Structure formats: structure tokens, C-alpha cells
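These notes concern the structure reproduced below.
In the UniProt record's numbering, the protein residues as written are 1 to 551.
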């Protein structure tokens, strides 16, 4: 061997170790946070992205921007996951979380350069996180969710930074209405899941945004299967099925031997009788509408049409459950098992309308529905997609307020207050942990700093003033007015944020920074380079997270 190096890792891999890996991670995190830096606050810029399919995404939603970006660095990938986690968990604050996590990483850089061990830094960070969460709980204010204007304060602040703000309270009204309808179901603990399932956003291009509304019922993009079926029914009796209404073929292979010319007709007649039997099971309950998730044969249509029944087929499972929630019907698996209690009678009106080029079936005027459709109208697809993203954020904020009805002042006021209180406590922290503890306090100032920078204000002057205000007692509500860049009292200009969103931002940002700081070895390129193997390997399909929330 004579001292030759022993190579363990494949020669094609790229490996970074020790301080180099840590500084590389910090750089990557900063690069990701710089992407969304200008999209914070009401004066934020929009980003225009080309997705892989050639479509255009125009948005200032942190999560929507980052999920369209393809990055190579592993630390950058984990930062992008943060925005997705924040979006799924609380729906709002995706931009703040990335900016804050990036700043927490940068704050640790001087310590790593001075050879302070990452564990010491992480301990200081976690200590600061615990104290921050306690401070957030102390300064939060309880609100009464029965008062519409108090809930609207928080919803308007959420929409204030978005594209939809130009339409006043339109989106916040829609989301409040939808949340209240879903809340009638009574399961407040699973409200997040319920809103995703039972408040469906339907985007119909054309018309103007003011035409958007929340239906006291459900709308589906389907027409009746036969032109002679009724397209408008008052107080319909609705039957929901998830089976096919057609003749079932035998499972094993069957051979039929024909001896007389009559046999073929008999065989066909048997099929007809079978379908007629199935339809009679349905018709004896005198329904007006039959909806099934599977197919309906021409023959079944014929029998049901004779019974004056309108039929809708191939409805999505999710749509079917929504119709069940608004009409009081039960989804049945076999027609012969139908009972009177399975028939839905709570729907007031069924009608099929043509909007643009498509037919839509409306189930409206329902009695106390617990599901709804939110209809968005708008000039173009891009506008509609952006409005849907804004609505999704607003629905999430409404859900947060009903689950935890506490608010905090927005506009960077909370960050400055937590920062000031952490700096006071920092002197009581012993040992080396004091430095990272202070670093967290200073890093929190990135939010008000970015807000004022996006307005074109004098950042240094604004921050110095804010620090002075928060060091005095009673300065809690002072923050940056995102529209003018001046200092204002947040309770006077009505800028509020839900406590659950802020808590999640702090926790996610600091915990992820701690995780990335503890990495001291990055090995990438573990698969062989495709060029060297001489053939193009098939690429694995990338995970994509589209705008579709269900179905």
C-alpha cells in the first residue's frame, strides 16, 4: 500500500465536510430566503414563473413561488419544504417563515467562523424559542368569534398583503361565510380537514370578480345524461349511489349455445329485465334525482326517464360526499338495499345552468348545509389561480381563529416586542449560550426591516425608532405600516395576525435552522453520473404539488 489513500466513497460523489458544509448550508438558506424577500408585506412584488408544463404562475405567495423552483442544494430543498409545511399546517406566513429561517442561519455564521461548537449555538437557539413562545402567549389578545367585525380584522390583515386586497372585503367575506357553513358540522378539532373536504373552490373563467359567491349548497360541473330529463326541480328527492347502473357481465367466461332463432332475443331480454329490476328498486322510492359515481347505461336511462327522474353520472367521490352533506342523503352501494332514510330531502332547488361553454348542476337553498361550493369568477386563468391561492390562505386563517381565538399585532410589532424582551432576558443567560440567544433576538428584526425596505422607507431610521418605542413600557403595538413605511400603532390601523400562525412561524424557522446547523457533512451525487454510464438513465418522477386541493 505504501501510504496510498484508501477511497471509501465513490469517486463521483461530491463531499463537503466540517465548516465548509456548514457555511455552504448557511449560504444556500440565505439564497432561498432572498428569493422571497421582496414578496413580504402589502407593498410586495409579484414573481412570474414558468412551470414545467409551459404555464405561467404569477404570485407573491411564498409557498407557490418556491414549489415551482427547482434547486440542487440539499439545504435549499429542506428550506422549500418549510414553506410547504407552513402552508399545510396554518396556511399563512409562508414568506415570513423562509425569511426568518434564512436570517437565523446567517445569524449563526459568526459563531461558526469563531469555532464555537454548533451544539452550543443550537442550545441557545432552543432556549430563545421557548422564551419567545411564552412571550407570544403573554401578549396575545382573546377575541370573540361570534362578533363578525373582530374576526374580519384578522382576515383583512391576511388579505392585506395579497393581490386580492384591491377588491376590499370580497375574499374575506367569502372565506368567513364558507368557514361558518362548514362549522355547522360541529367538528372544530378537525376543521382544517373539513374545510379542505367540504368547502370546494370552483373556478369559472369569465364574468367579474364581484360575481364570486358562496353557495348555500353545492355545485358540480355536470349535466343530466339525457336531454329530456328535467333541468329544474323544486324540493327534489335525491338518491346517491356509488355503483354502476348497467348490466353486470358474469365473472367467469360463459358460453351460450343458441339452438333456436328466439334464443338471442331471450338472452337480450334477460339483460333488459335485470336492468329493469335494478331501476325498479330505485323508482319505488320516488326519487327526482339519481346521482352515481359510476356509469349509467342507455337502458337504465330509458327506464329512469320513464319514471321522470333526472340522472347525473360519473360524479367525483368528493363531490358526492359534499352533496350528501347538503341534501341529507346517504351514499348507497347497491340499489336493492335502498331505504327511505337514505333519500335526501333537505335540498331546496336543483337546477342545471349553462355558464360559458359548460353546464353546471346546482344544489342550492339547502336547510342548514354543512358543505358548500365557493364560486370564483374572473377574467383570466392566472387571476383565478391567484385568487384561489389567496382564498386558501384566508380560509386557513379563519380556521385558525375559530380553533384558537387569539390575535397578535402585525406589521413586525410582535417581532420587535419579542426581540426587546429577549435582549432583556439575555443578560441572565449564563455561559456561551448567551451569544446565540442574543443573535435570535436581533435576527427577529428582519421582518420589520424587510417590511420597511419593501416600501422604500429609510430602514435604519425606522428600526432605531421602533427599538426605542419597544424598550419603553406600553410600546407593544408599534410596528411598521406596510403601505407607507412609517411607524404606526397596529391596533389603530387594524393589522392583526392569529397567534397560531405566528407561533408556527417562530417554531418552524428556529427548529429548522437548528437542524441545518447541526449538519457537518454533505454528500451529494451518490448515483453514478449518467454521462459516464454511457446511457441516459430514466429520471425518477419528481413530486409535484399542484394547486388542486382534492380530486
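Heads up, the beta-carbon is just placed ideally off N, CA and C, and yes, glycines get one too.
The structure displayed is predicted, hence computed values, not measured ones.
Checklist line | Contacting residues, own chain, Cβ-Cβ under 6 Å from residue 171 (five flanking each side not counted) | finding: Once the five neighbours on either side are set aside, the close Cβ partners of residue 171 are 159, 164, 390, 391 and 394.
Margin query: Measuring CB atoms only, is the segment 100-111 touching the segment 353-363, in the sense that at least three cross pairs come out at less than 8 Å?
Written below: At 8 Å Cβ cutoff, the stretches do not touch.
Notebook entry, point to check: How long is the line joining the alpha carbons of residue 10 and residue 140, rounded to whole angstroms?
Noted result: Cα to Cα, residue 10 sits roughly 54 Å from residue 140.
Notebook entry, point to check: Along the chain, where does the alpha helix (DSSP H) that runs through residue 263 open and close?
Noted result: Boundaries of the alpha helix (DSSP H) harbouring residue 263: 262-283, taken from the DSSP string.
Note to self: I want to know whether the segment 302-309 touches the segment 320-329 - three or more CB-CB distances under 8 Å.
What the structure shows: Too few Cβ pairs lie closer than 8 Å, so no.
Item checked: Local Cβ density within 10 Å of residue 267, reported as buried at 16 or more and exposed below that -> In the assembly as shown, residue 267 is an exposed residue. Its beta-carbon has fewer than 16 other beta-carbons within 10 Å.
Note to self: According to DSSP, residue 521 sits in a beta bridge with which residue or residues?
What the structure shows: Bridge partners of residue 521: 17.
Next item on the list: Determine the DSSP secondary structure at residue 508, reduced to helix, strand or coil.
Entry: In the structure shown, residue 508 adopts helical secondary structure according to DSSP, grouped into three states.
Check: Straight-line CA distance for residue 17 to residue 45?
Finding: A direct Cα-to-Cα measurement between residue 17 and residue 45 gives close to 38 Å.
Notebook entry, point to check: Which residues in the same chain have their Cβ closer than 8 Å to the Cβ of residue 239, if we skip the five residues on either side of it in sequence?
Noted result: Excluding residues within five positions, the ones whose Cβ falls inside 8 Å are 282, 285, 287, 289, 290, 291, 329, 332, 338, 342, 343 and 344.
Next item on the list: Just list the beta strand (DSSP E) runs in the segment 53-118, keeping only unbroken ones of 3 residues or longer that don't cross its boundaries, in chain order.
Entry: Correct list: 56-59.
Margin query: By the three-class DSSP mapping on this structure, what secondary structure does residue 292 have?
Written below: Under the three-state reduction of DSSP output, residue 292 falls in the strand class.
Next item on the list: Could you check the C-alpha separation between residue 233 and residue 350 for me, to the nearest Å?
Entry: Spanning the two alpha carbons is a distance of roughly 5 Å.
Next item on the list: Quick one: which unbroken alpha helix (DSSP H) runs of 4-plus residues sit fully inside the segment 376-407? Chain order, please.
Entry: Listed in chain order, they are 381-403.
Checklist line | Helix, strand or coil at residue 229 according to DSSP, with G and I counted as helix | finding: Residue 229 falls in the coil class under three-state DSSP.
Next item on the list: For residue 306, write down the residues that DSSP places opposite it in a beta bridge.
Entry: Residue 306 is not bridged to any residue.
Item checked: Stretch pair the segment 194-207 + the segment 171-184: three plus CB contacts closer than 8 Å -> Contact annotation: the segment 194-207 touches the segment 171-184, with at least three C-beta pairs closer than 8 Å.
Item checked: Between the CA atoms of residue 258 and residue 270 - distance to the nearest angstrom -> C-alpha of residue 270 to C-alpha of residue 258: approximately 15 Å in a straight line.
Note to self: Quick check on this structure: which residue in 92, 138 and 450 has the alpha carbon closest to the alpha carbon of residue 412?
What the structure shows: Shortest Cα-Cα distance from residue 412 to any of 92, 138 and 450 involves 450.
Next item on the list: To the nearest angstrom, report how far apart residue 537 and residue 81 are at their CA atoms.
Entry: Bear in mind that a pLDDT of 46 at residue 537, under 50, signals an unreliable position, so the number given afterwards is only what the model happens to contain. Taking the straight line from one Cα to the other gives about 27 Å.
Item checked: Endpoints, the alpha helix (DSSP H) within which residue 370 is located -> First-last for residue 370: undefined, no H or E at that position.
Next item on the list: Would you give the residue range spanned by the beta strand (DSSP E) that residue 422 belongs to?
Entry: Per DSSP, residue 422 belongs to no beta strand (DSSP E); it is in the alpha helix (DSSP H), 413-426.
Margin query: One question on the structure: do residue 424 and residue 470 come within less than 7 Å of each other, judged by their Cβ atoms?
Written below: The Cβ-Cβ distance between residue 424 and residue 470 does not fall below 7 Å.
Check: Can you check whether the CB of residue 520 is closer than 7 Å to the CB of residue 75?
Finding: For residue 75 and residue 520, no; Cβs fall outside 7 Å.
Next item on the list: Taking all protein chains shown into account, decide if residue 280 is buried (16 or more other Cβ within 10 angstroms of its Cβ) or exposed.
Entry: Residue burial annotation: residue 280 is exposed, with fewer than 16 other C-beta atoms found within 10 angstroms of its C-beta.
Note to self: Please identify the residue among 231, 310, 261 and 399 whose C-alpha is closest to the C-alpha of residue 145.
What the structure shows: Nearest to residue 145 by alpha-carbon distance, out of 231, 310, 261 and 399, is 399.
Item checked: Bounding residues of the beta strand (DSSP E) (the contiguous stretch that carries residue 159) -> No beta strand (DSSP E) contains residue 159, which is instead part of the alpha helix (DSSP H) from 148-160.
Notebook entry, point to check: Per DSSP, what kind of secondary structure is residue 349 in: helix, strand or coil?
Noted result: In this structure, residue 349 counts as strand in the three-state DSSP scheme.
Next item on the list: Kindly indicate which three-state DSSP category residue 144 falls into: helix, strand or coil?
Entry: In the structure shown, residue 144 sits in coil (DSSP, three-state: anything other than H, G, I, E or B).
Item checked: Supposed contact pair residue 229 and residue 310 - C-beta distance, whole angstroms, cut 8 Å -> Separation of the CB atoms of residue 310 and residue 229 is rounded to 4 Å, and the pair is thereby assigned contact status at 8 Å.
Item checked: Assigned secondary structure, residue 437 (DSSP; H/G/I helix, E/B strand, else coil) -> Helix at residue 437.
Check: Does the ligand ADP have even one heavy atom less than 6 Å from the beta-carbon of residue 335?
Finding: Because no ligand of any kind appears in the structure shown, any question about the ligand ADP cannot be addressed here.
Item checked: Cβ-based neighbour list, residue 489, same chain, cut-off 7 Å, excluding 5 preceding and 5 following -> Residues of the same chain with a CB within less than 7 Å of the CB of residue 489, apart from the 5 flanking positions on each side, are 477 and 478 in chain order.
Next item on the list: Measuring alpha carbon to alpha carbon, tell me which of 209, 224, 175 and 207 ends up nearest residue 200.
Entry: For the options 209, 224, 175 and 207, the alpha carbon positioned closest to that of residue 200 is the one of 175.
Check: What is the rounded straight-line gap between the Cα of residue 278 and the Cα of residue 245?
Finding: Residue 278 and residue 245: Cα-Cα distance of roughly 7 Å.
Note to self: Could you check whether residue 506 and residue 132 sit closer than 7 Å to each other, using their CB atoms as the reference points?
What the structure shows: Between residue 132 and residue 506, the C-beta spacing is below 7 Å.
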